[in-house]
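J.:
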Amino acid sequence: MANKRAVRNRSPRLLDRPGIWFNHHLQSIIATLGRLMDTPLPTGMTIAVIGISLSLPASLYVMTENLRTMAGGWDQSAAVSLFLKLETSDKDAEKVAARLRAWPEISQVHLIKRDQALAEFRALGGFEEALEQLKSNPLPVVLAIYPNHFNASPENLERLRIRLLNLPESDFARMDTLWLKRFQAILDLVQSASMLLGGLLGLGVLLIVGNTIRLEILNRRIEIEIMELVGATHAFIRRPFLYTGAWYGLLGGLTAWLLVSIAVLLLQRPVSRLATLYRSEFDLSGLGLSATGVILGGSILLGLIGSWVAVNRHLETSELS
Amino acid sequence: MIRFEHVFKRYPERGEALSDIGFEMSPGEMVFLTGHSGAGKSTLLRLIGLLERPSRGKIFVNGRNLASMPRRQIPFHRRQVGMIFQDHRLLPDRSVFDNVALPLVVMGLGHKEIGRRVRAALDQVGLLKRERATPVALSGGEQQRVGIARAVVARPPVLLADEPTGNLDPDLSREIFVLFERFHYVGVTLLIATHDLNLVSSMRHRTITLDEGRVVDDSGDW
Ligand SMILES: Nc1ncnc2c1ncn2[C@@H]1O[C@H](COP(=O)(O)OP(=O)(O)OP(=O)(O)O)[C@@H](O)[C@H]1O
Ligand SMILES: [Mg+2]
Numbered sequence: 001m002a003n004k005r006a007v008r009n010r011s012p013r014l015l016d017r018p019g020i021w022f023n024h025h026l027q028s029i030i031a032t033l034g035r036l037m038d039t040p041l042p043t044g045m046t047i048a049v050i051g052i053s054l055s056l057p058a059s060l061y062v063m064t065e066n067l068r069t070m071a072g073g074w075d076q077s078a079a080v081s082l083f084l085k086l087e088t089s090d091k092d093a094e095k096v097a098a099r100l101r102a103w104p105e106i107s108q109v110h111l112i113k114r115d116q117a118l119a120e121f122r123a124l125g126g127f128e129e130a131l132e133q134l135k136s137n138p139l140p141v142v143l144a145i146y147p148n149h150f151n152a153s154p155e156n157l158e159r160l161r162i163r164l165l166n167l168p169e170s171d172f173a174r175m176d177t178l179w180l181k182r183f184q185a186i187l188d189l190v191q192s193a194s195m196l197l198g199g200l201l202g203l204g205v206l207l208i209v210g211n212t213i214r215l216e217i218l219n220r221r222i223e224i225e226i227m228e229l230v231g232a233t234h235a236f237i238r239r240p241f242l243y244t245g246a247w248y249g250l251l252g253g254l255t256a257w258l259l260v261s262i263a264v265l266l267l268q269r270p271v272s273r274l275a276t277l278y279r280s281e282f283d284l285s286g287l288g289l290s291a292t293g294v295i296l297g298g299s300i301l302l303g304l305i306g307s308w309v310a311v312n313r314h315l316e317t318s319e320l321s
Numbered sequence: 322m323i324r325f326e327h328v329f330k331r332y333p334e335r336g337e338a339l340s341d342i343g344f345e346m347s348p349g350e351m352v353f354l355t356g357h358s359g360a361g362k363s364t365l366l367r368l369i370g371l372l373e374r375p376s377r378g379k380i381f382v383n384g385r386n387l388a389s390m391p392r393r394q395i396p397f398h399r400r401q402v403g404m405i406f407q408d409h410r411l412l413p414d415r416s417v418f419d420n421v422a423l424p425l426v427v428m429g430l431g432h433k434e435i436g437r438r439v440r441a442a443l444d445q446v447g448l449l450k451r452e453r454a455t456p457v458a459l460s461g462g463e464q465q466r467v468g469i470a471r472a473v474v475a476r477p478p479v480l481l482a483d484e485p486t487g488n489l490d491p492d493l494s495r496e497i498f499v500l501f502e503r504f505h506y507v508g509v510t511l512l513i514a515t516h517d518l519n520l521v522s523s524m525r526h527r528t529i530t531l532d533e534g535r536v537v538d539d540s541g542d543w
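Here the protein sequences line up with chains W and Z, keeping their order.
So for the first sequence, the numbering used here puts the first residue at 1; every next one is plus one.
So for the second sequence, the numbering used here puts the first residue at 322; every next one is plus one.
1) Could you tell me which residues DSSP puts in a beta bridge with Arg382(W)?
2) So what does DSSP say about Phe397(Z), is it helix, strand or coil?
3) Given 8 Å as the limit, is there contact between the segment 57-65 of chain W and the segment 194-206 of chain W, that is, 3 or more CB pairs closer than that?
4) Do Val142(W) and Ser89(W) have their C-beta atoms closer together than 9 Å?
5) Take the Cβ of Met37(W) as the centre, count every other Cβ of all protein chains shown within 10 Å, and call the residue buried at 16 or more, exposed below.
6) Can you find a C-beta in chain C that's less than 9 Å from the C-beta of Leu320(W)?
7) What distance in whole Å lies between the Cβ atoms of Val467(Z) and Val558(Z), which are believed to be in contact at a cut-off of 8 Å?
8) If you compare alpha carbons, which of Gln133(W), Ile145(W), Pro104(W) and Glu105(W) is closest to Ile97(W)?
9) Mind checking who Gln108(W) pairs with in its DSSP beta bridge?
10) Can you name, in chain order, every residue of its own chain whose Cβ lies under 8 Å from the Cβ of Ser107(W), other than the five neighbours on each side?
11) Is the beta carbon of Pro396(Z) sitting closer than 9 Å to the one on Glu65(W)?
12) Please name the residue, chosen from Phe418(Z), Arg476(Z) and Ala360(Z), that lies closest to His516(Z) on a Cα-to-Cα basis.
13) Identify each residue in the segment 443-462 of chain Z for which the Cβ-Cβ distance to at least one residue of chain W is less than 7 Å, and report them in chain order.
14) Judging by CA-CA distance, which residue of Thr510(Z), Pro391(Z), Asn519(Z) and Ile469(Z) is the nearest neighbour of Met322(Z)?
15) From Arg453(Z) to Ser299(W), what distance separates their C-alpha atoms?
16) Counting only beta-carbon atoms, is Ala31(W) nearer than 9 Å to chain Z?
17) Using a threshold of 9 Å, state whether the C-beta atoms of Val521(Z) and Phe329(Z) are closer than that.
18) Look at the alpha carbon of Arg5(W) and the alpha carbon of Gly249(W), and state the distance between them as a whole number of angstroms.
19) Nearest by alpha-carbon distance to Phe241(W): which of Gly231(W), Ile224(W) and Thr292(W) is it?
20) May I ask you to report which of helix, strand or coil DSSP gives Ala454(Z)?
21) Can you tell me which of Val309(W), Arg273(W), Gly253(W) and Ile208(W) puts its alpha carbon nearest to the alpha carbon of Arg239(W)?
22) Whole angstroms is fine: what's the gap from Leu387(Z)'s alpha carbon to Leu371(Z)'s?
23) Give the range of the beta strand (DSSP E) segment to which Ser340(Z) is assigned.
24) Considering only residues of the segment 423-486 of chain Z, which uninterrupted alpha helix (DSSP H) runs meet the minimum length of 4 residues and lie entirely inside it, listed in chain order?
25) Would you kindly work out how many angstroms separate the C-alpha atoms of Val109(W) and Asp115(W), rounded to a whole number?
26) Note down, in chain order, each residue of its chain lying with its Cβ closer than 6 Å to the Cβ of Gly508(Z), except the 5 sequence neighbours on either side.
27) Between which two residues does the alpha helix (DSSP H) holding Ala514(Z) run?
28) If we require 4 or more residues per run, which alpha helix (DSSP H) segments fall completely within the segment 222-279 of chain W?
29) Does the beta carbon of Glu484(Z) fall short of 8 Å from some heavy atom of ligand 1?
30) Give the range of the alpha helix (DSSP H) segment to which Val499(Z) is assigned.
31) DSSP on Met322(Z), reduced to helix/strand/coil?
32) Pair every Cβ in the segment 119-138 of chain W with every Cβ in the segment 168-186 of chain W, then say whether three or more of these pairs are closer than 8 Å.
33) May I ask you to list the residues that DSSP assigns as paired with Ile405(Z)?
34) Between which two residues does the beta strand (DSSP E) holding Gly356(Z) run?
35) Within the structure, which residues are defined as neighbours of ligand 1 by a Cβ-heavy atom distance below 6 Å, reported in chain order?
36) Is Ala514(Z) close to ligand 2? I mean its beta-carbon at under 8 Å from any heavy atom of the ligand.
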């Protein structure tokens, strides 16, 4: 009985002493970073490999997000061109336009009168002779209708188009959103592909960290063996390696973030110049707060898992346990 | 304190290294383990430290059956059993202090407590002044004493030594054995495997002799 009590006292109940427990972890965290800094070249190379691997899916993500915002801007300018019947006069057209402006799903109606349309058509050039031959103006009144962009989803636009088509004065309604739909589908595809790429490269990061930790374990196997001999638990032996893996993940993730941010910064000017050419304003946005969180959190997790697997494999095959 | 009941250890490549070993040691006893090379001395000690499991039979240490001990309990068992090796098993790139502190660090003790206990252990083996040195800067005898300090620093009730004086000259060997006797006097249970029959006979402690993996002589208590 007395012996049993002695056993209790000797085996530390770490949770009974949170201060010491916390100190040990803090020490281990700092010590593992110090160890990494002792060998800057191999450490730097490992971190660079992780960073570059993660920067690929991250930059794809940034690219698709920016394209999405850009396409969102186009959504707003997407208009339905409603061609009225030829016999509709400009005056009647004004009335129709006034009626349409009251529709909640429409924000603006822009009326293009028949003469105006003809003049614009002439200005395009090349059709003068053909137009001379015509006795009357062949062009109908066109209403350029700008939908309210809050509900400008492709489905809503289609519904609006059909409603417009059913007006007695309307001849046909054209909507230039098919290309937009295609574009968005492509964006979705690219985004899925970048997720897949992210998964693959994440696996790569896992293997990189796992292998780096495995080599580190091999270097320190005598130390590990001696620690096992003097009664170190697996958790204790694992701890510094887990922190090392987490450091690799964190530093690799930061590197990826830095790479993507630099790329965004470098592309900022050319992109806004391009936007001015299209008479629009566009600011390239970088990795947002949540995306940064995902990258850092994910890379730390990958580092942890990679080192966990490596240490456990070693401990499981160790003859002492 | 330590009890073997019909213990067998079989290696697939070699056959039986230990056959039907049975003996008992009471708390605070100091026992020598002798026998020719390959007789199974190291194997027997490794079984007690749970560095290996027996093929058959029961081993009790401190009242606990090692055979039924789950894996995650092994580290806590090893903290009860200080082990000393012929080749010291010290970390060459760490100071004497750090080497001796390892069992305490592993237990999660605080800084102050570690410093206090390490210095006490180094004092016992007469190496208090060398705590900053690295093992490579020490003589063989000094290295062995560092190994002993590490084994006793956590004050385990059981101490195992596997040919602790294998590489030392007679005077140094005697010094080490005298050191062991001091632990014996304060109640530590010691099992020491050795070839040094002269020393063994001069020290008058119980001696268990192995031959081909069997106990062929147990001189009994003195
Ligand atoms: N891991 C192992 N695998 C296979 N055989 C082993 C293993 N360990 C020990 N043996 C064998 O078991 C027998 C006993 O070995 P052990 O090391 O216990 O002897 P010993 O009495 O300590 O000898 P020595 O005095 O030379 O140290 C030897 O024949 C050895 O070859
Ligand atoms: Mg041996």
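All C-beta atoms, glycine included, are put in the ideal place defined by N, C-alpha and C.
T.: In short, the structure shows the following:
1) In the structure displayed, chain W extends from 1 to 321; residue 382(W) sits before or after that span and is not available.
2) Locating residue 397(Z) in the second sequence gives position 76, where the first residue counts as 1. Helix.
3) yes
4) Numbered from 1 along the first sequence, position 142 holds the residue referred to as residue 142(W). Numbered from 1 along the first sequence, position 89 holds the residue referred to as residue 89(W). No, Cβ-Cβ distance for Val142(W) and Ser89(W) is not below 9 Å.
5) Residue numbering aside, residue 37(W) sits at position 37 when the first sequence is read from its first letter. Met37(W) is exposed by the Cβ-count criterion.
6) In summary, chain C is missing from the structure at hand, where the protein chains are W and Z.
7) Examination of residue 558(Z) is not possible in this model, given that chain Z is present from 322 through 543 alone.
8) If you number the first sequence from 1, residue 97(W) lands on position 97. The residue asked about is misnamed: residue 97(W) is Ala in this sequence, not Ile. The residue with the shortest Cα to Cα distance from Ala97(W) is Ile145(W).
9) Taking the first sequence and counting its residues from 1, the one referred to as residue 108(W) is at position 108. Tyr146(W).
10) Taking the first sequence and counting its residues from 1, the one referred to as residue 107(W) is at position 107. Closer than 8 Å at the Cβ level, and outside the excluded window around Ser107(W), lie Tyr146, Pro147, Asn148 and His149.
11) Residue numbering aside, residue 396(Z) sits at position 75 when the second sequence is read from its first letter. Residue numbering aside, residue 65(W) sits at position 65 when the first sequence is read from its first letter. Contact flag unset, no.
12) Translated into positions along the second sequence, residue 516(Z) becomes position 195. Measuring from the Cα of His516(Z), the nearest candidate turns out to be Ala360(Z).
13) none
14) Residue mapping note: residue 322(Z) aligns to position 1 of the second sequence, counting from 1. For the residues Thr510(Z), Pro391(Z), Asn519(Z) and Ile469(Z), the minimum Cα distance to Met322(Z) belongs to Thr510(Z).
15) The sequence position of residue 453(Z) within the second sequence is 132, counting from 1. The sequence position of residue 299(W) within the first sequence is 299, counting from 1. Rounded to whole angstroms, Arg453(Z) to Ser299(W) spans 40 Å at the Cα level.
16) Position 31 of the first sequence, counting from 1, holds the residue named residue 31(W). No - not a single Cβ of chain Z is within 9 Å of the one on Ala31(W).
17) Here residue 521(Z) refers to the residue found at position 200 when the second sequence is read from its first residue. Here residue 329(Z) refers to the residue found at position 8 when the second sequence is read from its first residue. Cβ atoms of Val521(Z) and Phe329(Z): not closer than 9 Å.
18) Sequence index remark: in the first sequence, residue 5(W) carries index 5 (1-based). Sequence index remark: in the first sequence, residue 249(W) carries index 249 (1-based). With a pLDDT of 40 at Arg5(W), under the threshold of 50, the predicted position of this residue should be treated as unreliable, and no value is reported.
19) Working through the first sequence from its first residue, we reach residue 241(W) at position 241. For the residues Gly231(W), Ile224(W) and Thr292(W), the minimum Cα distance to Phe241(W) belongs to Ile224(W).
20) Here residue 454(Z) is taken as the residue at index 133 of the second sequence, counted from 1. It is coil, neither helix nor strand.
21) Indexing the first sequence from 1 puts residue 239(W) at position 239. Of Val309(W), Arg273(W), Gly253(W) and Ile208(W), the residue nearest in Cα terms is Val309(W).
22) Sequence index remark: in the second sequence, residue 387(Z) carries index 66 (1-based). Sequence index remark: in the second sequence, residue 371(Z) carries index 50 (1-based). Each residue's alpha carbon lies about 7 Å from the other.
23) Numbered from its first residue, the second sequence carries residue 340(Z) at position 19. From DSSP, the beta strand (DSSP E) with Ser340(Z) extends over Gly336 to Met346.
24) 432-445 and 461-473
25) The residue labelled residue 109(W) in the question sits at position 109 within the first sequence. The residue labelled residue 115(W) in the question sits at position 115 within the first sequence. So the two alpha carbons sit approximately 18 Å from each other.
26) Position 187 of the second sequence, counted from the first residue, corresponds to residue 508(Z). So the list reads Gly349, once near-sequence residues are dropped.
27) Here residue 514(Z) refers to the residue found at position 193 when the second sequence is read from its first residue. It is not in any alpha helix (DSSP H) - Ala514(Z) instead sits in the beta strand (DSSP E) that spans Thr510 to Ala514.
28) 234-277
29) One-based indexing of the second sequence puts residue 484(Z) at position 163. The answer is yes for Glu484(Z).
30) Here residue 499(Z) refers to the residue found at position 178 when the second sequence is read from its first residue. Taken as a continuous stretch (DSSP letters only), the alpha helix (DSSP H) holding Val499(Z) covers Pro491 to Tyr506.
31) Taking the first residue of the second sequence as position 1, residue 322(Z) is located at position 1. In this structure, Met322(Z) counts as coil in the three-state DSSP scheme.
32) no
33) Here residue 405(Z) refers to the residue found at position 84 when the second sequence is read from its first residue. DSSP lists Ala482(Z) as partners of Ile405(Z).
34) Mapped onto the second sequence, residue 356(Z) falls at position 35. Looking at the DSSP string, the run of the beta strand (DSSP E) that includes Gly356(Z) is Met351 to Gly356.
35) Tyr332(Z), Glu334(Z), Arg335(Z), Ala338(Z), Gly356(Z), Ser358(Z), Gly359(Z), Ala360(Z), Gly361(Z), Lys362(Z), Ser363(Z) and Thr364(Z)
36) Walking along the second sequence from the start, residue 514(Z) turns up at place 193. True, at least one ligand heavy atom lies under 8 Å from that Cβ.
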